Each structure stands twice: as C-alpha cells, then as structure tokens.
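Q: First, the structure itself, so that you have it in front of you.
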Amino acid sequence: MTTRRQMITLPVAAAAVTAIHAPAALAQKRPVLKVGLGPQQPTQADTRRVWEPLYRRVCDEVGLELDLTVANDWAGIAVALANQQIDVAQMGPWGYVLAKQKGEAQAIAMLLIEGRDYYKAIVVARPGLDLKRFPEDAQGLSMQMLDVGSTSGWLVPTHFLRSRGINPKSFFGRYAEGASAAAAQMATVGGQVDLATGWDTHRNTMIRNGQIKPDANRVVWESEPLPNEPVVVRRGFDPELAKRLQRAFAGLPKDYAAKMMPWPYSGFVPVGHEPYAKLEIMGREVGVLKG
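Just so we're aligned: 625 in our numbering is position 219 of the sequence shown, and the numbers increase by one with no gaps anywhere.
Below, the structure written as structure tokens:
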C-alpha cells in the first residue's frame, strides 16, 4: 500500500526581493531573501547546520538578509517555489523540473560533487538478500521508494522499471513511497524492507558519518549519471539580482567551498535548463508532466 506524504507548509513571502537603493547612512534594513532547502542531508537539522553559513555568506555578498527554511520532502520545496512562497531553492533536479513547469522557475547554479556535475540513483537491498539481478529477481519483494518529488528516489527508478514494462505497484509484493532517504536506507539495514531507493551521494555520506556501515546494505542497481542539484529562483525574480546571485555562488573560493560545504560537495557552476531536459522527458513518459 502506498503511504501518504505530508507536505510542508511555508509562510508566504510578504514581498519580492528588491535591490538596495537607499544610502547606507539611512541604515535601512536589508531586503530579505527567502531560501528553501530540500532534505539533502540525513536530517533537517543537519541540512540547516551545514548549509546556512554558506547561504549567509552569499546573501552578505549581494546585500541581503537570509531567511532559511528546510523542507521535510522534495515535493514540498517544489510546491513552495512554484507558489512563490520562497525566492530561492536548492532542490533536487526533478523538483526543479516540476517547479519550472508549474511556476516557471529558473536554474542559476549547479552543485559540484568532488568536481563532478553528476550523481546516480541507486536501489539498495537488505543484508543477506539473495538477489543476483535487478529487477528480474525482485518480483514479489518489498520496495520502499522516496517521495514523488525525489529524482533518484522516485522518478528515475520508476521510469527505469516502466521502461521495462514493469508497474512497480503491482510488481513488488509490498510497495510504499514517501519515506525520507535516511529512513529508507535504515529500513533495509534493519530488514524491515527488502529494497529501497536512494542516491549514491547520500548513502556515501551516511557511511562517512558512521550512520551505517558499508556492508549494512548492498547496492543492486544504479542509474546513468544524473545532473546534480540546482539552485533555482522563482518566477518573477529580479533578473539582475539572479545574475548577482549566480556570480556569488560560482565565485566562492575553492578553499572556502572545501571548508564550508558538506562532503563531497566542492562548489558551484553556472547552469541553465539544458542538463535537466532529460528529466522532463522521463516525467512525460511516466505520465506526471503533460505536453
């Protein structure tokens, strides 16, 4: 049975971010930039702890005050951006595609992972599971997917299975979606489920942080390379301010990025929509996107 997701509710932005025109002598309050982050780290607290200093530096560089919110699922952050409840989001690639279709969001920067511009979706199996081929040997097993706003935890594995004529909801003996990435990993480690989706960077981070052991579960499938997470601005965002933010992200010194960004992230590069176009195709082929 598919589990229900709980969507986040973010406060509606009171006003759009505007450029500063008043002289410094007037000591006016700086405009506020409302930033939303997806659940990129194992917990919401971890996400805030590792990303807030970097976003505060970027805001300081362009003369803005930071108002940071961490979402509890990927779909929620996409909805918040599309509804202009936030100005900027660091989000999953699929969430960006959804926000672009619903609200004309625009990608301005892409995160790098140890200098790379890609990562991979994975499926992991509980320890001791005798599974030689995926998905051929997985029929009747239990599967835990992430929320439907997740690139690697829902869109990509769903597209992969359907491209092979497999309906995940009927193929697996027990199918659920809506788990956080950390909970899905731990469910396989503890043997509550046979299989779970996720992404390589997140699992490697949990291993590095001592939250799971390398052999606590086993990767049985990985996708082709996928474009890394983008930083995205909402519809109607000041184009000149978007360019200034783009330059601020791309211009972060390498030594600062290495010190302040969570492993294995190493910086940002400017980006447009092109790397994410293949996810739009997947979205249409699974029936989520129209047109």
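We put the beta carbon where it would ideally sit given N, CA and C, even for glycine. Small disclaimer: the values here were computed from a predicted structure and weren't measured.
(1) I need the straight-line Cα distance from Pro-681 to Ala-582, nearest angstrom please.
(2) Leaving out the 5 sequence neighbours to the left and right, which residues in its chain are closer than 6 Å to Ala-484 when beta-carbon positions are compared?
(3) So, helix, strand or coil for Asp-466, using DSSP?
(4) Sorted by chain position, which residues of the same chain lie with C-beta nearer than 7 Å to Pro-631's C-beta, five sequence neighbours on each side aside?
(5) For Glu-471, write down the residues that DSSP places opposite it in a beta bridge.
(6) How is Arg-690 classed by DSSP in three states: helix, strand or coil?
(7) Which whole runs of the alpha helix (DSSP H) in the segment 626-690 are 4 residues long or more, in chain order?
(8) If you draw a straight line from the alpha carbon of Gln-550 to that of Lys-435, how long is it in whole angstroms?
(9) Does the segment 683-695 come close enough to the segment 637-648 to have 3 or more Cβ pairs within less than 8 Å?
(10) Quick check on DSSP: helix, strand or coil for Ile-519?
(11) Would you call Asp-661 buried or exposed, if buried means 16 or more other Cβ atoms sit within 10 Å of its Cβ?
(12) Spatial neighbours of Val-675 within its chain, please: C-beta separation below 8 Å, excluding the five flanking residues on both sides.
(13) Below 8 Å between beta carbons: does that hold for Ala-602 and Thr-594?
(14) By DSSP's criteria, Tyr-524 is part of a beta bridge. Which residues make up the other side?
(15) Distance, Cα to Cα, Leu-547 vs Pro-541?
(16) So, for Pro-636: in the same chain, excluding its five sequence neighbours on each side, which residues have a beta-carbon less than 8 Å away from its beta-carbon?
(17) Tell me Gln-550's beta-bridge partners as DSSP assigns them.
(18) How is Leu-695 classed by DSSP in three states: helix, strand or coil?
(19) Since I believe Leu-535 is in contact with Val-638 (beta carbons under 8 Å), could you give me their beta-carbon distance rounded to a whole number of angstroms?
(20) Need the endpoints of the alpha helix (DSSP H) that Gln-496 sits in, please.
(21) Kindly indicate which residue of Ser-672, Lys-508, Lys-684 has the alpha-carbon position closest to the one of Gln-490.
A: On the basis of the data shown:
(1) The sequence position of residue 681 within the sequence shown is 275, counting from 1. The sequence position of residue 582 within the sequence shown is 176, counting from 1. Cα to Cα, Pro-681 sits roughly 29 Å from Ala-582.
(2) The count along the sequence shown starts at 1 and reaches residue 484 at position 78. Gly-501, Leu-504, Ala-505, Gly-555.
(3) Counting from one through the sequence shown, the residue named residue 466 turns up at place 60. It is helical.
(4) Position 225 of the sequence shown, counted from the first residue, corresponds to residue 631. Taking Pro-631 as the centre and dropping the five residues before and after it, the same chain places the C-beta of Tyr-524, Lys-526 closer than 7 Å to its C-beta, in chain order.
(5) Taking the sequence shown and counting its residues from 1, the one referred to as residue 471 is at position 65. Per DSSP, the beta-bridge partners of Glu-471 are Val-438.
(6) Residue 690 sits at position 284 when you count from the first residue of the sequence shown. Helix, per DSSP.
(7) Segments of the alpha helix (DSSP H) lying fully in the segment 626-690: 645-656, 660-666.
(8) What you label residue 550 is simply residue 144 of the sequence shown in a count that begins at 1. What you label residue 435 is simply residue 29 of the sequence shown in a count that begins at 1. Their Cα atoms are separated by approximately 47 Å.
(9) Here the segment 683-695 makes no contact with the segment 637-648; the two share fewer than three CB pairs at distances below 8 Å.
(10) Locating residue 519 in the sequence shown gives position 113, where the first residue counts as 1. In the structure shown, Ile-519 sits in a strand (DSSP, three-state: E or B).
(11) Translated into positions along the sequence shown, residue 661 becomes position 255. Exposed: under 16 other Cβ atoms inside 10 Å.
(12) As a position in the sequence shown, residue 675 is number 269, starting the count at 1. The answer, listed in chain order, is Ala-515, Met-516, Leu-518, Asp-523, Ala-656.
(13) Here residue 602 refers to the residue found at position 196 of the sequence shown. Here residue 594 refers to the residue found at position 188 of the sequence shown. Yes.
(14) Stepping through the sequence shown from its first residue, residue 524 is reached at position 118. Paired residue(s): Pro-633.
(15) The residue you call residue 547 lines up with position 141 of the sequence shown. The residue you call residue 541 lines up with position 135 of the sequence shown. Straight-line spacing of the CA atoms in Leu-547 and Pro-541 works out to 10 Å.
(16) Residue 636 sits at position 230 when you count from the first residue of the sequence shown. So the list reads Gln-496, Met-497, Pro-499, Tyr-502, Ala-513, Ile-514, Ala-515, Met-516, Leu-517, Val-677, Tyr-682, once near-sequence residues are dropped.
(17) By one-based count along the sequence shown, residue 550 stands at place 144. DSSP links Gln-550 through a beta bridge to Ala-582, Ala-602.
(18) Here the question's residue 695 lines up with position 289 in the sequence shown. DSSP places Leu-695 in coil when its eight states are reduced to three.
(19) Indexing the sequence shown from 1 puts residue 638 at position 232. Indexing the sequence shown from 1 puts residue 535 at position 129. That pair is no contact at about 38 Å.
(20) Within the sequence shown, residue 496 is the residue found at index 90, counting from 1. Element bounds for Gln-496: not the alpha helix (DSSP H) but the beta strand (DSSP E), 494-496.
(21) Position 84 of the sequence shown, counted from the start, is the residue given in the question as residue 490. From the listed residues Ser-672, Lys-508, Lys-684, the smallest Cα separation to Gln-490 is found for Lys-508.
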